[in-house]
Amino acid sequence: MPKRKRGISGDAASRREAIIKRERRVAETEEERRRRLSTMAQRCLDRREEETEEPSNSRLSDMALRGQERRAEETEEQRNRRLAVMGQRSQQRRAEETEEQRNSRLSAMLQHARERRLNVIEGQNHHQIQTFYAARTVLNRRTQLWRNGQSLSEMRRVVFPG
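For reference, each letter of the sequence shown is one residue, going 1 to 162 in UniProt numbering.
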């Protein structure tokens, strides 16, 4: 016969803990609340510092996925409201920022634009290099066929099948 459990177990215990936490939060002062949130934020930062790259990528991927799901479910009105709030926050931040912060922000934007341009140029160069190698391959094949004494129409048929 199984032993009888004493006290509260499982879901009832976690419900009771949640109620106690909620009551504690209602009674706490603003300073205690700030201290509690600050401690939570610090613990989160500590966890992230200890986190290796793989869990970090997984966590960020999960966050991005949740954001996409939320946005897929939101209505046009909700989307407009969200974008309006983002715009207001941005304006408020810019109104409060110092000249030094503004210069720093603009400098970061400029650096980002330069890096984007470099990436585009590298992509174009990569495309040009691929085109060059493809053309060189065709030319080498034609030369090889010419050396073997094949006619121009035979060369075209081999190089450009179809």
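Quick reminder that beta carbons are idealized off the backbone N, C-alpha and C, glycines included.
For residue j and residue i, the rounded distance between their alpha carbons
i, j, result
"Gly149", "Arg117", "48 Å"
"residue 200", "Leu106", "As displayed, the chain neither begins before 1 nor continues past 162, which places residue 200 out of reach and without an answer."
"Ala134", "Glu115", "29 Å"
"Leu37", "Val26", "14 Å"
"Thr52", "Val85", "34 Å"
"Arg22", "Met40", "16 Å"
"Arg24", "Arg47", "25 Å"
"Ser104", "Ser14", "48 Å"
Coarse secondary structure for residue i, derived from DSSP in three states
i, result
"Pro161", "coil"
"Asn148", "coil"
"Glu28", "coil"
"residue 164", "Residue 164 is absent from the structure shown; the chain starts at 1 and stops at 162."
"residue 164", "Here the chain has residues from 1 to 162 only, and residue 164 is not among them."
"Thr143", "helix"
"Glu51", "coil"
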